[in-house]
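> For the sequence shown, position 107 matches number 107 in the UniProt record's numbering, and the numbering has no gaps at all.
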Amino acid sequence: MFIGNRKIGRDAAPFVIAEMSGNHNQSLDRALEIVDAAAATGAHALKLQTYTADTITLDVRGGEFDIKDKESLWTGRNLHDLYNDAHTPWDWHEPIMRRAREHGMLCFSTPFDETAVDFLEELDVPAYKIASFENIHLPLIRKVAATGKPMIISTGMASLAELDEAVEAARGAGCQDLVLLKCTSTYPATPENTNVLTIPHMRELFGCEIGLSDHTMGVGVAVAAVALGATVVEKHFTLSRADGGVDSTFSLEPAEMASLVTETERAWQSLGMVAYGPTKVEEKSLVFRRSIYIARDVEAGEELTAENLRIVRPGHGLAPKHFEMLLGKRASRELKAGTPASWDIVMS
């Protein structure tokens, strides 16, 4: 499958998405700087989030509309206020996407309701992403699928039954190109809670491309995911965590994102195929293996012993496995130290 001009699959380098989210801190200039920085890291796509506070929640104070989890980065915040701070103004989308195109980078978004899909269609985005918190929103999934664009669905929190419903809804509504992202919906996530062994299992179950939406720090989990078959890697991205912002704590900085792009591609390159024996590039190293050599001068007819034979480098003589077979044999001719052993140096 392709997203824009970028091939997605195990025969292509991992597709790396830099997620801006709310790290623009309500500054369009900063948002455009993030685009520039993401492009410089080598990330293949920039992703936005398309919602307003009113399209994602209700303007209600207290109760379940306030975040009470003491371990949450956003504890004490009201949902409506949080989303109002984090949202990307819709009139910013076009200049952000234009800047990405100028860099040759793809740009698409996560819609959080049907009106966002209509808006993004007007901008002709190349793909859509469904957030983990929306993967049970089947009407939204069907709306996106009906566009005919590639769809990426994050799988955070979803049971196997819920994932099956989401995939069925997407395919039933016309989605031909589907990617599921293994995701742990904690912020930040920890490696031990990421369970990337799920990646090959999801590929087998759903028969589609599988990737990783990664909220851990660093690049180690992403590299492991690619080793297990992930073809897409998404990470939150910011100019500097020190600048603050609703998602800055678990976002990569430019040098880290550049490392992610490099190391995931290296991981992909290393997979290769099941292969034994020397590769083409290893063949020239064969001569530096050990082999059997005459260790000191030997007279014709003299017995070959552990004193006048040695297993050393380089590898021009008989293989070490023949050492015991040569012991006790008689030299067929005079042999100088440094002569590689061969079958014609012994009497028949």
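All residues carry an ideal CB built from backbone N, CA and C; glycine is no exception.
Any contact between the region 139-147 and the region 168-176? By contact I mean 3 or more CB pairs, one from each, below 8 Å.
Taking 8 Å as the limit for Cβ pairs, the verdict is that the region 168-176 does touch the region 139-147.
> Going by beta-carbon coordinates alone, are L48 and C107 separated by less than 9 Å?
Here residue 48 is taken as the residue at index 48 of the sequence shown, counted from 1. Here residue 107 is taken as the residue at index 107 of the sequence shown, counted from 1. Yes, these two residues count as a Cβ contact at 9 Å.
> What separation, rounded to the nearest whole angstrom, lies between the Cα atoms of L163 and L228?
Start at 1 with the first residue of the sequence shown, and residue 163 comes out as number 163. Start at 1 with the first residue of the sequence shown, and residue 228 comes out as number 228. Each residue's Cα considered, the two are about 20 Å apart.
> Counting along the chain, where does the alpha helix (DSSP H) carrying A18 start and finish?
Here residue 18 is taken as the residue at index 18 of the sequence shown, counted from 1. A18 -> not in any alpha helix (DSSP H); beta strand (DSSP E) instead, spanning F15 to E19.
> At which residues does the beta strand (DSSP E) containing K143 begin and terminate?
Counting from one through the sequence shown, the residue named residue 143 turns up at place 143. No beta strand (DSSP E) holds K143; the alpha helix (DSSP H) holding it covers L138 to A145.
> Count Cβ pairs between the region 211-222 and the region 182-190 that sit closer than 8 Å; are there 3 or more?
Segments in contact, yes.
> Give the C-beta separation of E97 and L123 to the nearest angstrom, bearing in mind that I take them to be a contact with Cβ-Cβ under 8 Å.
As a position in the sequence shown, residue 97 is number 97, starting the count at 1. As a position in the sequence shown, residue 123 is number 123, starting the count at 1. Sequence inspection shows Met at residue 97; the Glu mentioned does not correspond to that position. With 8 Å as the limit, M97 and L123 qualify as a contact, their Cβ atoms being about 6 Å apart.
> At which residues does the beta strand (DSSP E) containing G211 begin and terminate?
Position 211 of the sequence shown, counted from the start, is the residue given in the question as residue 211. Run containing G211: E209 to D214, per the beta strand (DSSP E) assignment.
> If you follow the alpha helix (DSSP H) that H201 is in, where does it begin and where does it stop?
On the sequence shown, position 201 is the one that residue 201 refers to. Counting along the chain, the alpha helix (DSSP H) containing H201 begins and ends at T198 to F206.
> Can you grab the Cα-Cα spacing for the pair T231 / V196, in whole Å?
Indexing the sequence shown from 1 puts residue 231 at position 231. Indexing the sequence shown from 1 puts residue 196 at position 196. For T231 and V196, the distance between alpha carbons rounds to 13 Å.
> Could you check what DSSP says for N193 in three-state terms: helix, strand or coil?
Numbered from 1 along the sequence shown, position 193 holds the residue referred to as residue 193. In this structure, N193 counts as helix in the three-state DSSP scheme.
> With burial defined as no fewer than 16 other Cβ atoms inside 10 Å of the residue's Cβ, what is the status of E134: buried or exposed?
Here the question's residue 134 lines up with position 134 in the sequence shown. The residue is buried, with at least 16 neighbouring Cβ atoms inside 10 Å.
> DSSP has L106 in a bridge; who is on the other side?
By 1-based counting over the sequence shown, the position of residue 106 is 106. In DSSP, L106 forms a bridge with A45.
> Taking the alpha carbon of I294 as the point to measure from, which residue in T339, E234 and H137 has its own alpha carbon closest?
Taking the first residue of the sequence shown as 1, we reach residue 294 at position 294. Residue T339 is the option with its Cα nearest to I294.
> What would DSSP say about L335, mapped onto helix, strand or coil?
In the sequence shown, counting from the first residue as 1, residue 335 sits at position 335. L335: strand per DSSP, three-state reduction.
> Determine the extent of the beta strand (DSSP E) in which H236 is found, giving its start and end residues.
In the sequence shown, the residue the question calls residue 236 occupies position 236. Run containing H236: V232 to H236, per the beta strand (DSSP E) assignment.
> My output table needs one value for V226: the three-state DSSP class, helix, strand or coil.
Locating residue 226 in the sequence shown gives position 226, where the first residue counts as 1. Helix at V226.
> How do the region 272-281 and the region 300-309 stand: do at least 3 beta-carbon pairs fall below 8 Å, yes or no?
No, the region 272-281 is not in contact with the region 300-309.
> Just the C-alpha distance for Q258 and G22, rounded to the nearest angstrom, thanks.
Translated into the one-based positions of the sequence shown, residue 258 becomes position 258. Translated into the one-based positions of the sequence shown, residue 22 becomes position 22. Per the sequence presented here, residue 258 reads as Ala, with Gln not at that position. Going by the C-alpha atoms only, they are around 20 Å apart.
> Under the three-state reduction of DSSP, which class applies to D118: helix, strand or coil?
Here residue 118 is taken as the residue at index 118 of the sequence shown, counted from 1. If DSSP states are grouped into helix, strand and coil, D118 belongs with the helices.
> What first and last residue would you give for the alpha helix (DSSP H) that runs through V261?
Against the sequence shown, residue 261 aligns to sequence position 261. Segment P254 to L271, the alpha helix (DSSP H) holding V261.
> Taking just the CA atoms, how far does F323 sit from R310?
In the sequence shown, the residue the question calls residue 310 occupies position 310. In the sequence shown, the residue the question calls residue 323 occupies position 323. If I take the Cα positions, the gap works out to 8 Å.
> Report the three-state DSSP secondary structure of T279 (helix, strand or coil).
The residue given as residue 279 occupies position 279 in the sequence shown. Coil at T279, not helix or strand.
> Would Y128 and S109 be called neighbours here (beta carbons separated by less than 9 Å)?
As a working mapping, residue 128 is identified with position 128 in the sequence shown. As a working mapping, residue 109 is identified with position 109 in the sequence shown. Yes; because the gap between Cβ atoms is below 9 Å, this pair is in contact.
> With DSSP run on the structure shown, which of helix, strand or coil describes D36?
In the sequence shown, residue 36 corresponds to position 36, counting from 1. Looking at D36 - three-state DSSP - the assignment turns out to be helix.
> Work out the CA separation of G277 and I345 for me, nearest whole Å.
Counted from its first residue, the sequence shown places residue 345 at position 345. Counted from its first residue, the sequence shown places residue 277 at position 277. Cα to Cα, the separation comes out at about 29 Å.
> To the nearest whole angstrom, what separates the beta carbons of T52 and L120, a pair I think is in contact under 8 Å?
By one-based count along the sequence shown, residue 52 stands at place 52. By one-based count along the sequence shown, residue 120 stands at place 120. Actually they do not touch by this definition, with Cβ atoms about 14 Å apart.
> I'd like the ranges of any alpha helix (DSSP H) spanning at least 4 consecutive residues and lying wholly in the region 43-100.
Qualifying alpha helix (DSSP H) stretches, in chain order: 53-56 and 79-86.
> Looking only at its chain, what residues have a beta carbon closer than 7 Å to the beta carbon of G245, apart from the 5 residues adjacent to it on each side?
For this step, residue 245 is matched to residue 245 along the sequence shown. Excluding positions up to five away in sequence, the list reads G22, N23, N25 and T238.
> Considering only C-alpha positions, which residue in the set E165, E168, D177 and A161 is nearest to T147?
As a first step, residue 147 must be located in the sequence shown, where it is residue number 147. The residue with the shortest Cα to Cα distance from T147 is D177.
> For V125, does the three-state DSSP call read helix, strand or coil?
Here residue 125 refers to the residue found at position 125 of the sequence shown. In this structure, V125 counts as coil in the three-state DSSP scheme.
> Indicate whether E75 and A31 have their beta-carbon atoms separated by less than 9 Å.
Position 75 of the sequence shown, counted from the start, is the residue given in the question as residue 75. Position 31 of the sequence shown, counted from the start, is the residue given in the question as residue 31. The residue asked about is misnamed: residue 75 is Thr in this sequence, not Glu. No, the pair does not count as a contact, with Cβ atoms beyond the cut-off.
> Which two residues bound the contiguous beta strand (DSSP E) that contains M347?
Position 347 of the sequence shown, counted from the first residue, corresponds to residue 347. Premise fails: M347 is in no beta strand (DSSP E) and is neither H nor E.
> Output needed for residue 351: all residues of its chain with C-beta closer than 7 Å, excluding positions within five of it in sequence on either side, in chain order.
Residue 351 lies beyond the stretch modelled for the chain, which goes from 1 to 348, so this question has no answer here.
> Sorted by chain position, which residues of the same chain lie with C-beta nearer than 6 Å to V16's C-beta, five sequence neighbours on each side aside?
Counted from its first residue, the sequence shown places residue 16 at position 16. Only A43, H44, V233 and V261 meet the Cβ criterion.
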